[in-house]
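Chemist: I have a structure here, written as C-alpha cells, and I will follow up with some questions on it.
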Amino acid sequence: MAKKQLYYEDVEVGTEVTPLAKVATTQMLVKWAGGSGDFNPLHFEDSFAASQGVDSPIVHGALKRAWLGHLMTDWIGDGGFLKKLACQYRGMDYPRKMKTITDPQEGETWWCRGTVTKKYVEDDQHIVECDIWVENAKGEKTTPGSATVVLPFKKAKS
Amino acid sequence: MTEGSAITDELRSMIGMATEPVIMEVERGAIRRYADAIGDPNPLFSDVEYARNSRYGEVICPPGFFGWPLKRGGMMELLGTIGGALFRAGVPRILDGGVDYEFFLPIRAGDILTSHGKFADFREREGRTGKMLFITMETTYLNQNGDLVAKARSTLIAL
Amino acid sequence: MAQQGSIITDEMKKQIGVKGVPTVLEVEKGLIRMMAEALDDPNPLWQDEEYAEKSKYGGIIAPPALLCCARAGTGRGVQMKSPFPRALAGGDEVEYLKPLKAGDVITSVSHIAEYNEREGKRGPMLFTTIETTYKNQRDEVVAISRSTFISY
Amino acid sequence: MAKQLYYEDVEAGMEVPPLVKKPTTQQLVKWAAASGDFYQLHYDKDFAQAQGFPSVLVHGKLKFGLLGQMLIDWIGEDGVLKKLGCSYRGTDFPGEDLICKGKVTNKYVKDGEHIVELEVWTENPRGERTTPGTAVVALPSRG
Chain X
24 MAKKQLYYED VEVGTEVTPL AKVATTQMLV KWAGGSGDFN PLHFEDSFAA SQGVDSPIVH
84 GALKRAWLGH LMTDWIGDGG FLKKLACQYR GMDYPRKMKT ITDPQEGETW WCRGTVTKKY
144 VEDDQHIVEC DIWVENAKGE KTTPGSATVV LPFKKAKS
Chain U
97 MTEGSAITDE LRSMIGMATE PVIMEVERGA IRRYADAIGD PNPLFSDVEY ARNSRYGEVI
157 CPPGFFGWPL KRGGMMELLG TIGGALFRAG VPRILDGGVD YEFFLPIRAG DILTSHGKFA
217 DFREREGRTG KMLFITMETT YLNQNGDLVA KARSTLIAL
Chain E
33 MAQQGSIITD EMKKQIGVKG VPTVLEVEKG LIRMMAEALD DPNPLWQDEE YAEKSKYGGI
93 IAPPALLCCA RAGTGRGVQM KSPFPRALAG GDEVEYLKPL KAGDVITSVS HIAEYNEREG
153 KRGPMLFTTI ETTYKNQRDE VVAISRSTFI SY
Chain H
295 MAKQLYYEDV EAGMEVPPLV KKPTTQQLVK WAAASGDFYQ LHYDKDFAQA QGFPSVLVHG
355 KLKFGLLGQM LIDWIGEDGV LKKLGCSYRG TDFPGEDLIC KGKVTNKYVK DGEHIVELEV
415 WTENPRGERT TPGTAVVALP SRG
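Residue numbers (this note's numbering), protein chains in the order written: chain X, 24 to 181; chain U, 97 to 255; chain E, 33 to 184; chain H, 295 to 437.
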C-alpha cells in the first residue's frame, strides 16, 4: 500500500475527504463479531432479528463507526493523528448475502464520505475538523458523525 | 421529577455508578483480526516490519479498538445491573445511539490498558413511540504508564 | 492405481508432497480465550493465569483444537484440485507432541499426502489428505495433523 | 478441576463421562472467529439452504474440539492427549443436543508410558454417530 501524506496546507474548508467504498456481507458481520467481541445474535440470526422487530440481521453500528475510522486514518496518512471521532447510529443497514464462498451477491454498496468544516492552529497543532458519514445506496446518511484530526505542516519541515 | 418520568428514583441513584477497572491486553493478533473485520489493509495495523519503521515503532490499534479485556465485566456488566431498573421504568429496550471518542495517544500492541466506565447522565425525551431515555456512559482508557490514551462517551437509547 | 479413467491426473499427482506457504501464528492469550469461549470449555488452564502458573505447564496453554484450523494455517497454500464441484471436510487426525503454550509462535507447513478415489452412492468421490506440520519457535514439532477433504 | 484419573482406574470397555453440548448459532459464530473458518454454510441460512441443507451446520472442527474437551476433562491435568482423530460423517445443527462420548478399547505400557486407546464419537438426538473417531492418551500410574 503506497501511502501519500496529507498536509495541513492541502486542505481547505469544503475539501472532500477521499471517499471510501464498503460492502457489508453476512461474512463481514461474522468477522466483525470476532474482531470486536460483539456476538449479539441480532447481527447473524434471522429468527432473533425477527423477534427484535427488524426484518433480518442488521449491520453493527460499531462496524460503520469503524469504517469511518478507516476513512479518516487512510485520509490523514501515517503522519496525521485522529483526535476525535463521533457518530450516531440513525438508520439500519442490511448486509449483502453471499453467492459463493468468496463473492457477495449483487446489492448495496456503502460510501464513507466527509468534508472539511474548519481548520485552525491551536497549541501549535494544525487541526482540521470534518463532517463525516456513511451513506447507503439510496443516498441516506445512516451514520452521521464528525472527526477532528491533526495534520503535519509542510513549512515546519523546511 | 414529574409523574411518570422515565428517570425513576432508582435510575437517578445510578448516576455516577462506575465499573470495576477492566484490564485490557493489546495483542497483535487481536488488532489484525479487528482490522481484517473492518476490511482495512493499513499496514500500521497488521505489518510488524512496516510498523517498526514507522514513527510508532510497533503495530497500533485502529481507532476505537482497545484490545480484549482479560476478564468479562466493564460496561456490559454495568448495563446488566441497570436492565431491571429500565424495565421497571417502562423503557426495557436498549438501542445503541452512537459514540464520541477522543484520542490522546496511539495504542500500541503490547500495551496494557485499564478502562474505567461510569453512567454519566440520563436524559429524557418524548419520542414518536413514547418515552425515550438517553443514557450517557463515559469510559476512560489509561495505558501501563498511567497516561490517558482515550475517552469515549457513548449514548444508549432506552425505549 | 491410476487405471483407465482415474480422476487423479498426473498434474494432481505432481502436487503430492509439494510444500505450501508457511503460516505463522502467534499463540496469544486473547485467541486462546476466544477459542475456549467458542468451545464453551471452562478449563482454567486456558484462561486463569494464576491457576495455570501453578500447574505443571507453568502458564496458560491452548486447547488442542487450536491446532488444525484455518487460523493455524492448516491446508494453506496447497494446490487442491478436483474435477468435482462440491467439497466437504471428511475428517481430521492430530498427533500432539508438545503442549502449545501462550506466547509460542507456531509455523505450519502443509502438503498433499495422498489421494484416494471411491465410488460413492452419488457417483465418484475424491479423497484428498493434507498433512500439516506445526513447529514452535524452538523448531520443535508440536503437532502433525492429517485432514481429509471429500469432493464429489 | 476434576480429580486425577490413573492408568489403574481404567479398563477396556469403560466409558468416558459424556459431555453434553447444545451449540447455538452464536457459538458457531464464535467458532468462526476463533478458528478463522468463515465459510457461510455455518452462519448464513440462505446460503446453507442454497446448498441443500435445512439450516446452518455445526463446523466439523468444532465437534473435533468438543471431543478434545471431553477427553481433557476426563484425563485430568497429569494426563496427556497424544492423538485425536475423527471423521465428519453426519450433519449436526445448532439448537440440537450434541453428545460427546468415548469408550476405552485398549490399554498397555509402551516405552515407559501408560497408554490408553479409545473410540470416541459425537451423537445427535436421533442416536446417530455423526463424528466417529479414535484417541490415544497417556495417563499417570499409581504403580
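Every residue gets a Cβ at the ideal spot worked out from N, C-alpha and C, and that includes glycine.
#1: Checking contacts by CB at 8 Å: is K86 (chain E) closer than that to chain U?
#2: Could you name the residues of chain H that N75 (chain E) contacts, counting a contact when the two beta carbons are closer than 8 Å?
#3: When Cβ atoms are compared, which residues of the stretch 110-127 of chain E fall closer than 9 Å to chain H?
#4: Could you pull the start and end residues of the alpha helix (DSSP H) that A56 (chain X) belongs to?
#5: Determine the extent of the beta strand (DSSP E) in which Q111 (chain X) is found, giving its start and end residues.
#6: Are the C-beta atoms of D243 (chain U) and some chain X residue less than 8 Å apart?
#7: Go through the stretch 51-139 of chain E residue by residue and report every complete run of the beta strand (DSSP E) that reaches 3 residues or more, in order.
#8: Residues of chain E with CB closer than 7 Å to the CB of G415 (chain H), please, in chain order.
#9: A121 (chain E) to M157 (chain E), Cα distance in whole Å?
#10: Go through its chain and collect everything with a Cβ distance to W368 (chain H)'s Cβ below 7 Å, but skip five positions before and after it.
#11: M44 (chain E) and Y147 (chain E) look like a contact to me (Cβ under 8 Å); what is the Cβ gap, rounded to whole Å?
#12: What is the DSSP secondary structure of S181 (chain X), reduced to helix, strand or coil?
#13: Just verifying my parser: in three-state terms, what is the DSSP assignment at Y166 (chain E)?
#14: Taking the continuous alpha helix (DSSP H) assigned at Q343 (chain H), which residues delimit it?
#15: Tell me whether the stretch 62-79 of chain X and the stretch 319-338 of chain H touch, counting them as touching only if at least three CB pairs, one residue from each stretch, are closer than 8 Å.
#16: Residue range of the beta strand (DSSP E) that R129 (chain U) falls in?
#17: Determine the burial state of L244 (chain U): buried for a count of at least 16 other Cβ atoms within 10 Å of its Cβ, exposed for fewer.
#18: Look up H212 (chain U) in the DSSP assignment and give the residues it is bridged to.
#19: Quick one: what's got a C-beta closer than 6 Å to I190 (chain U)'s C-beta in the same chain, skipping five residues either side?
#20: If you measure beta-carbon to beta-carbon, which residues of the stretch 178-197 of chain U are closer than 7 Å to chain X?
#21: Closest by CA to G373 (chain H), which one among H:T385, H:L433 and H:E390?
#22: Flag this pair as yes or no: are the beta carbons of E220 (chain U) and I103 (chain U) separated by less than 8 Å?
#23: Please compile the residues from chain H whose C-beta is within a distance smaller than 8 Å of the C-beta of G57 (chain X).
#24: Would DSSP call Q298 (chain H) helix, strand or coil?
#25: Would D72 (chain E) pass as an interface residue toward chain H - the criterion being a Cβ-Cβ separation below 8 Å?
#26: Which residue spans inside the stretch 330-381 of chain H form an unbroken beta strand (DSSP E) run of at least 3?
#27: Please state whether DSSP places T177 (chain U) in a helix, a strand or coil.
#28: Hey, N159 (chain X) and D126 (chain X) are a contact pair by Cβ (cut 8 Å); roughly how many whole angstroms apart?
#29: Return the residues of the stretch 131-145 of chain U that lie within a Cβ-Cβ distance of less than 7 Å from chain X, sorted by chain order.
#30: Under a three-way DSSP split, which group does S179 (chain E) fall into?
#31: D136 (chain E) CB to nearest chain H CB: under 8 Å?
#32: Per DSSP, which residues does S250 (chain U) bridge with? Please list them.
#33: I81 (chain X) and A72 (chain X): beta carbons closer than 8 Å?
#34: Can you check whether the C-beta of M44 (chain E) is within less than 8 Å of a C-beta belonging to chain H?
#35: Taking the DSSP output, what are the residues bridged to G427 (chain H)?
#36: Within the 8 Å Cβ cut-off, does G370 (chain H) reach chain E?
Modeler: Considering the structure as presented:
#1: So no, K86 (chain E) is outside the interface.
#2: Taking the beta carbon of N75 (chain E) as reference, the chain H residues within 8 Å of it are M295, Q363, I366 and D367, listed in sequence order.
#3: Taking a C-beta cut-off of 9 Å against chain H, the contacting residues of the stretch 110-127 of chain E are R118, L120, A121, G122, G123, D124, E125, V126 and E127, listed in chain order.
#4: That run of the alpha helix (DSSP H) goes T49 to S59.
#5: It spans F104 to Q111 - the beta strand (DSSP E) in which Q111 (chain X) sits, taken as one unbroken run.
#6: No - not a single Cβ of chain X is within 8 Å of the one on D243 (chain U).
#7: Scanning the stretch 51-139 of chain E from its first residue to its last, the whole beta strand (DSSP E) runs of 3-plus residues come out as 55-58 and 119-128.
#8: Here residue 415 (chain H) turns out to be Trp, not Gly, going by the sequence shown. In chain E, no part has a C-beta under 7 Å from the C-beta of W415 (chain H); the shortest such distance is about 12 Å.
#9: Cα-Cα distance, rounded: 13 Å.
#10: Result list for W368 (chain H): L299, V310 and P311, in chain order.
#11: Separation of the CB atoms of M44 (chain E) and Y147 (chain E) is rounded to 6 Å, and the pair is thereby assigned contact status at 8 Å.
#12: Residue confidence is low: S181 (chain X) scores 45 on pLDDT, short of 50, so the model does not pin down where it sits. Its coordinate-derived value is still stated next. Three-state result, S181 (chain X): coil.
#13: The answer is strand: DSSP assigns Y166 (chain E) an E or B state.
#14: K339 to A344 is the span of the alpha helix (DSSP H), which, as asked, contains Q343 (chain H).
#15: Taking one beta carbon from each stretch, the stretch 62-79 of chain X and the stretch 319-338 of chain H have 3 or more pairs nearer than 8 Å; the two touch.
#16: Counting along the chain, R129 (chain U) falls outside any beta strand (DSSP E), though it belongs to the alpha helix (DSSP H) covering R124 to I134.
#17: Result: exposed.
#18: U:T236.
#19: For I190 (chain U), where only same-chain residues beyond five positions count, the Cβ hits under 6 Å are L252 and A254.
#20: Cβ contacts with chain X come from D192, G193, G194, V195, D196 and Y197.
#21: Considering only alpha carbons, the answer is H:L433.
#22: Going by C-beta atoms, E220 (chain U) is nearer than 8 Å to I103 (chain U).
#23: Residues of chain H passing the Cβ test: V323, K324, A326, A327 and A328.
#24: Under the three-state reduction of DSSP output, Q298 (chain H) falls in the coil class, being neither helix nor strand.
#25: Yes, contact with chain H.
#26: Complete beta strand (DSSP E) runs here, min 3: 374-381.
#27: Helix, per DSSP.
#28: 21 Å between Cβ atoms; not a contact.
#29: Listed in chain order, the positions of the stretch 131-145 of chain U with a beta carbon within less than 7 Å of a beta carbon of chain X are D132, A133, I134, G135, D136, P137, N138, P139 and L140.
#30: Of the three classes helix, strand and coil, the one that applies to S179 (chain E) here is strand, per DSSP.
#31: No, D136 (chain E) does not count as interfacial toward chain H.
#32: DSSP output for S250 (chain U) lists U:V195 and U:M233 as bridge partner(s).
#33: Closer than 8 Å, so yes.
#34: It does not; no Cβ of chain H falls within 8 Å.
#35: G427 (chain H) has H:C380 and H:V414 as its beta-bridge partners, per DSSP.
#36: No, because no Cβ of chain E sits closer than 8 Å to the Cβ of G370 (chain H).
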